[in-house]
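Only one structure is covered here, and it is reproduced in the block below.
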Amino acid sequence: MSSMESQVQWMPSRRAAATISSIDVGAPESWMNRWFLTIDVDWAPDEAIADTIDLIQRFGSASTWMVTHDTPLLDDLRKSSAVELGIHPNFNGLLQGHDTRGFTSARAVIEDLVALVPEAKAMRSHSVAQSSPVLDFCAEHGLTHDVNMFIPSGSANVCTPWKSWNGMTRVPYVWEDDVWCLYEATDQPERTPLEIYTSYQGIVVINFHPIHVYLNTERLERYESLRHVHHNGRALLKHRYDGYGTRNRLIDLLSVAAAS
117 MSSMESQVQW MPSRRAAATI SSIDVGAPES WMNRWFLTID VDWAPDEAIA DTIDLIQRFG
177 SASTWMVTHD TPLLDDLRKS SAVELGIHPN FNGLLQGHDT RGFTSARAVI EDLVALVPEA
237 KAMRSHSVAQ SSPVLDFCAE HGLTHDVNMF IPSGSANVCT PWKSWNGMTR VPYVWEDDVW
297 CLYEATDQPE RTPLEIYTSY QGIVVINFHP IHVYLNTERL ERYESLRHVH HNGRALLKHR
357 YDGYGTRNRL IDLLSVAAAS
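Using our numbering, the first residue of the sequence shown is number 117, and each one after it goes up by one.
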């Protein structure tokens, strides 16, 4: 099966695409019968980011982009009323004791990204690192929605958003492209994005990464073996998987959602 072929065989009930900051805990209609596409940019090369932008815009879906770095493509994203920009802070260096970017605190990491994306209302940390102080720092800087709680779709939990003590809305998410690859080798396989879209009873928040969409990642070994060219879009494209992978899952999800 080529990378552009589909495995779609059913049509779901209608879910409207929406952005994360539109979720209101006090108004269940703001998230029930809706779905939320989030994108963790993760320092992907511009070719991969532009590719994911093109796919999403082709189907007219709303999306929330968690930003890691400056790129001219942020201005392109800002032009779309269907897009909101959030932040994707990376605390890993601080946690591991060898931050090479000059940051000395989690607050500094947050402030750096808020300066880059001052309109941001939503956030998800790289590696979903979180703590009570980090949430408080985010609330202090005007962020209203945290999307750090990953609850695997295969766990059978029905997830809903809730309010934190500091007023932030906590939004669980239930599918992520790289985690799909990890769970495939376990006795708790994940549902596909389409299965979640059509039948999941809780809030439907699905997360993709441009580099996995670009590579059409089917297993993490492909991604890991290419770390030396992660910032070289031309080199990465030569290694795109030609079977059914992450790119296909996104295309199938977008096409079904647009048609329903």
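We treat Cβ as the ideally placed atom computed from N, Cα and C, and that holds for glycine.
As the structure is a prediction and not an experimental result, all values here were calculated from the model.
Three-state secondary structure assigned by DSSP to residue i
i, result
"Ser179", "strand"
"Thr447", "Outside the shown range of the chain (117 to 376) lies residue 447, about which nothing can therefore be said."
"Asp228", "helix"
"Val167", "At residue 167 the sequence reads Asp, which differs from the Val that was named. Note: Asp167 maps to helix in three-state DSSP."
"Asp303", "coil"
"Arg356", "coil"
"Trp296", "helix"
"Thr362", "helix"
"Thr220", "coil"
"Thr285", "strand"
"Asp173", "Checking the displayed sequence, the identity of residue 173 turns out to be Gln instead of Asp. Looking at Gln173 - three-state DSSP - the assignment turns out to be helix."
"Ala375", "helix"
With 16 other Cβ atoms within 10 Å as the buried cut-off, status of residue i
i, result
"Gly213", "exposed"
"Met148", "exposed"
"Asp293", "buried"
"Lys279", "exposed"
"Arg365", "buried"
"His204", "buried"
"Asp191", "exposed"
"Val183", "buried"
"His325", "buried"
Residues bridged to residue i [DSSP beta-bridge criterion]
i, result
"Asn264", "Answer is none; Asn264 lacks a bridge partner."
"Ile203", "Val183, Met239"
"Trp291", "Ile322"
"Ala133", "Trp151"
"Asp156", "Met182"
"Lys279", "Thr285"
Spatial distance of residue i from residue j (CA atoms)
i, j, result
"Gly209", "Val250", "15 Å"
"Arg150", "Ala143", "13 Å"
"Asp140", "Glu256", "19 Å"
"Ser156", "Ser241", "Note on residue identity: the sequence assigns Asp, not Ser, to residue 156. Cα to Cα, Asp156 sits roughly 9 Å from Ser241."
"Ala222", "Ala375", "42 Å"
"Pro309", "Leu201", "22 Å"
"Ile322", "Thr135", "11 Å"
"Ser119", "Thr220", "Only weak support is given to the placement of Ser119: the predicted model assigns it a pLDDT of 41, under 50, and the value that follows is read from those uncertain coordinates. In a straight line, the C-alpha of Ser119 is about 43 Å away from that of Thr220."
"Tyr289", "Ala160", "22 Å"
"Met265", "Asp162", "28 Å"
"Glu235", "Tyr339", "32 Å"
"Pro277", "Ser248", "17 Å"
Short CB-CB distance (under 7 Å) between residue i and chain D
i, result
"Gly142", "Protein chain content of the structure displayed is limited to a single chain, and chain D is not contained in it."
Take every Cβ of the stretch 292-307, pair it with every Cβ of the stretch 255-262, and state whether three or more of those distances are shorter than 8 Å. no
At a cut of 8 Å, does the stretch 330-347 reach the stretch 163-172 through at least three beta carbon pairs? In short, these stretches touch, since the Cβ pair count reaches three.
Segment contact, 8 Å Cβ cut-off, at least three pairs: the stretch 214-225 with the stretch 189-202: The stretch 214-225 is not in contact with the stretch 189-202.
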